[in-house]
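Protein chains in written order, with full-length UniProt numbering: chain A, 1 to 231; chain B, 1 to 231. Here's the structure we're looking at; comments come further down.
Protein chains: 2
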Amino acid sequence: MAVRRGVPKAGLSREKVLDAALDQIDAHGLPALSMRKLGAQLGVEAMSLYRHVPNKEALLDGLVDRVMETAFANLGEPAGDDWTSWLRTFAHSLRSALLAHPGVLPLVATRPVNSPDALRMSERWLAAMRAAGLPLGRALDVVNVIAMFTIGHTLAEVGQTPGHEGTEPDLDQRSGDLDPAEFPNLLEVIATRAGLDFDSRFAQAVDILITGYAGLTEVALDPGQQGAEGR
Amino acid sequence: MAVRRGVPKAGLSREKVLDAALDQIDAHGLPALSMRKLGAQLGVEAMSLYRHVPNKEALLDGLVDRVMETAFANLGEPAGDDWTSWLRTFAHSLRSALLAHPGVLPLVATRPVNSPDALRMSERWLAAMRAAGLPLGRALDVVNVIAMFTIGHTLAEVGQTPGHEGTEPDLDQRSGDLDPAEFPNLLEVIATRAGLDFDSRFAQAVDILITGYAGLTEVALDPGQQGAEGR
DNA sequence: GGACTCATGCTTACAGCGTAAGCACAACCT
DNA sequence: AGGTTGTGCTTACGCTGTAAGCATGAGTCC
Numbered sequence: 001m002a003v004r005r006g007v008p009k010a011g012l013s014r015e016k017v018l019d020a021a022l023d024q025i026d027a028h029g030l031p032a033l034s035m036r037k038l039g040a041q042l043g044v045e046a047m048s049l050y051r052h053v054p055n056k057e058a059l060l061d062g063l064v065d066r067v068m069e070t071a072f073a074n075l076g077e078p079a080g081d082d083w084t085s086w087l088r089t090f091a092h093s094l095r096s097a098l099l100a101h102p103g104v105l106p107l108v109a110t111r112p113v114n115s116p117d118a119l120r121m122s123e124r125w126l127a128a129m130r131a132a133g134l135p136l137g138r139a140l141d142v143v144n145v146i147a148m149f150t151i152g153h154t155l156a157e158v159g160q161t162p163g164h165e166g167t168e169p170d171l172d173q174r175s176g177d178l179d180p181a182e183f184p185n186l187l188e189v190i191a192t193r194a195g196l197d198f199d200s201r202f203a204q205a206v207d208i209l210i211t212g213y214a215g216l217t218e219v220a221l222d223p224g225q226q227g228a229e230g231r
Numbered sequence: 001m002a003v004r005r006g007v008p009k010a011g012l013s014r015e016k017v018l019d020a021a022l023d024q025i026d027a028h029g030l031p032a033l034s035m036r037k038l039g040a041q042l043g044v045e046a047m048s049l050y051r052h053v054p055n056k057e058a059l060l061d062g063l064v065d066r067v068m069e070t071a072f073a074n075l076g077e078p079a080g081d082d083w084t085s086w087l088r089t090f091a092h093s094l095r096s097a098l099l100a101h102p103g104v105l106p107l108v109a110t111r112p113v114n115s116p117d118a119l120r121m122s123e124r125w126l127a128a129m130r131a132a133g134l135p136l137g138r139a140l141d142v143v144n145v146i147a148m149f150t151i152g153h154t155l156a157e158v159g160q161t162p163g164h165e166g167t168e169p170d171l172d173q174r175s176g177d178l179d180p181a182e183f184p185n186l187l188e189v190i191a192t193r194a195g196l197d198f199d200s201r202f203a204q205a206v207d208i209l210i211t212g213y214a215g216l217t218e219v220a221l222d223p224g225q226q227g228a229e230g231r
């Protein structure tokens with residue numbers, strides 16, 4: 001049996017390390033995260049962290065898993081057989097989770113999600129969507145496409161340089177540099193803010209994707225069988 | 001006038017520095033790029049690079065611009081007034097450009113594109129799409145959504161850890177760990193490879209997005225969401 | 001009790017990083 | 001010629017991730 005020997009001196013643990021790292025990133029941005037500073041925040045030397053995390057890369061992977069798990073946690077089990085509304089919820093829940101920790105987003109975009117929880121979640125979703133009538137391959141396609149789009153969109157939204165706010169789409173800052181004769185449309189965009197609303201743009205694109213895939217599966221089966229999928 | 005004074009000793013230039021950096025990243029991955037190694041590859045000390053680039057961040061920005069410019073260069077001017085096919089071409093051209101330099105992709109995803117060329121290109125596209133009948137806001141939406149999706153999809157495609165290949169969707173590597181009773185669908189995915197073809201998935205999703213937006217402009221010349229007013 | 005095991009956290013040390021500051025030189029202009 | 005300027009090198013600083021080894025104290029077993 002696994003006998004519990006030796007007890008923490010400073011109450012450190014993998015979970016606490018991850019929590020602290022997330023705090024640090026939320027507060028000061030991803031580039032400001034170093035093992036020494038992280039240790040300092042926990043009242044501990046940098047090397048002590050290596051008892052709970054094999055290296056910094058693994059720590060970052062852990063952060064990705066953690067953020068993804070919150071996206072799933074707010075989600076629950078897919079209920080009913082209207083997969084289109086599950087997916088919409090999933091997309092928005094994922095975006096919320098990503099926006100809650102913008103500093104981690106580049107990591108999420110860049111490394112695989114390996115957590116067992118995520119695997120279990122994928123399995124359950126695939127099962128549910130098949131049960132709702134989608135072919136396996138198509139089910140995987142929709143989920144992946146929604147996830148990839150959400151990540152791409154949120155990356156653009158959170159904006160560029162990690163650890164730097166810039167709530168405005170940064171086009172504004174150089175609107176002064178733009179020659180009105182050469183860039184009339186860009187200037188009109190800035191002036192009217194047409195097409196600059198991330199919320200509605202995201203919702204609209206997700207709807208388009210979902211109804212598009214729904215249309216695919218309808219036609220592929222016999223017309224009239226699956227019926228209404230609209231919103 | 002700009003008088004050319006002082007001539008390079010080792011024939012260095014901003015362009016050559018960017019070229020070398022791109023080579024280095026293509027060959028050994030993004031994390032392996034350091035100013036010292038880059039200098040060494042150019043037969044020069046690290047500090048010499050700072051005569052041509054203000055700092056490493058700016059160098060990375062330059063790489064992003066460069067890759068984006070190749071995407072535009074393979075594209076040409078939008079011709080005719082079928083904006084749907086321009087956009088499809090744009091999406092695939094962007095994906096090719098990104099796939100050509102996978103190591104740069106995390107940078108593209110993470111920092112703004114500031115190059116004047118990109119601005120000019122945006123302006124021209126907006127003008128052309130308006131001329132083809134799209135409201136300004138919608139035109140910007142479609143282009144942005146396509147770009148964001150392409151970046152998100154390609155990020156997932158190129159895979160995770162930068163500087164590491166892994167052509168297989170890395171699910172394979174742990175297929176042995178999966179309990180067939182618990183993960184029947186995931187295992188079927190791995191076995192049949194259903195939904196694992198990046199090329200066709202990307203093409204399909206892009207088509208769905210474009211025809212979705214095309215449908216919007218057809219149907220809704222006035223019942224659009226909040227901002228959709230004609231011109 | 002005493003001995004042993006072992007997880008924990010600290011200390012020290014090293015190689016590598018980005019880059020600030022200042023110097024030496026070569027090419028050009030006047 | 002003298003001055004100016006662009007170029008590249010040298011040195012140095014503070015920071016990074018982490019390898020290696022040690023001290024401590026809690027827990028188990030005799």
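Note that CB positions come from ideal geometry on N, CA and C, so glycine has one too.
| Item | Value |
| --- | --- |
| B/ILE208: contacting residues in chain A (beta-carbon distance under 9 Å) | VAL145, ILE208, LEU209, THR211, GLY212, TYR213, GLY215 and LEU216 |
| Straight-line Cα distance separating B/GLU123 from A/TRP86 | 38 Å |
| For A/LEU216, three-class secondary structure by DSSP | helix |
| Cutoff 9 Å: A/ALA156 Cβ touching any chain B Cβ | yes |
| Members of the segment 53–79 of chain B that neighbour chain A once the beta carbon cut-off is set at 9 Å | GLU57 |
| Spatial distance of B/LEU134 from B/ILE146 (CA atoms) | 15 Å |
| Assumed close pair B/VAL67, B/VAL108 - CB separation to whole angstroms, cut-off 8 Å | 6 Å |
| CB contact flag (B/SER48, B/ALA71, <9 Å) | no |
| 7 Å Cβ cut-off: residues of chain B touching A/ILE25 | Near A/ILE25 there are no residues of chain B at all, since even the closest Cβ is about 14 Å away, more than 7 Å. |
| Proximal chain A residues relative to B/ASP141, where beta-carbon distance stays under 8 Å | GLY195, ARG201, GLN204 and ALA205 |
| Backbone secondary structure at B/SER93 - three-state DSSP | helix |
| Local Cβ density within 10 Å of A/ALA191, reported as buried at 16 or more and exposed below that | exposed |
| For A/ARG111 and A/VAL64, believed in contact at Cβ under 8 Å, the rounded distance | 6 Å |
| DSSP three-state assignment for B/ASN114, whether helix, strand or coil | coil |
| Inter-stretch contact at 8 Å, needing at least 3 Cβ pairs: the segment 199–219 of chain A / the segment 199–214 of chain B | yes |
| DSSP-derived helix/strand/coil call for B/PRO106 | helix |
| Buried versus exposed call for B/HIS101 [16 or more other C-beta atoms within 10 Å across all chains shown] | buried |
| A/ARG14 (DSSP reduced to helix, strand or coil) | helix |
| Under 8 Å from the C-beta of B/HIS153: neighbouring residues of chain A | VAL145, MET148, PHE149 and GLY152 |
| Three or more C-beta pairs below 8 Å linking the segment 181–201 of chain A and the segment 114–133 of chain B | yes |
| Distance CB(B/SER136)-CB(A/GLU188) smaller than 9 Å | Here residue 136 of chain B turns out to be Leu, not Ser, going by the sequence shown. It is a contact, given that the beta carbons lie within the stated cut-off. |
| Below-9 Å beta-carbon distance, B/THR84 vs any chain A residue | no |
| Chain-ordered chain B contacts of A/ARG130 [CB-CB under 9 Å] | ASN185 |
| Residues that B/VAL189 contacts on chain A, provided the C-beta gap is smaller than 7 Å | LEU136 and LEU140 |
| Selection from A/ARG138, A/ALA156 and A/ALA132 that minimises the alpha carbon distance to B/VAL143 | A/ALA156 |
| Proximity test, Cβ basis, 9 Å: B/ARG120 and chain A | yes |
| Inter-residue Cα distance where the pair is A/SER115 and A/THR84 | 25 Å |
| Residues near A/GLY166 by beta carbon distance below 6 Å, same chain, minus five either side | Caution applies to A/GLY166, whose pLDDT of 44 falls short of 50 and renders its modelled position unreliable; the value that the coordinates give is listed next. Once the five neighbours on either side are set aside, the close Cβ partners of A/GLY166 are GLY159. |
| CA-to-CA distance, B/ARG88 to B/ASP141, given in whole angstroms | 15 Å |
| Min CB distance A/GLY159 to chain B below 9 Å | yes |
| Contacts around B/PRO54, its chain only, beta-carbon distance under 8 Å, and the 5 residues preceding and following it disregarded | none |
| Residue-chain proximity (A/ALA20, chain B), Cβ-Cβ < 9 Å | no |
| Buried or exposed by the 16-neighbour rule on C-beta atoms within 10 Å, applied to residue 237 of chain B | Because chain B here runs from 1 to 231, residue 237 of chain B falls outside it and cannot be looked at. |
| Residue environment, B/MET1, which counts as buried when at least 16 other CB atoms sit within 10 Å | At B/MET1, the pLDDT of 38 sits below 50, so the modelled position is not reliable; the number obtained from the coordinates is stated separately. Label assigned to B/MET1: exposed. |
| Whole-angstrom distance between B/ASP61 and B/VAL113, CA atom to CA atom | 8 Å |
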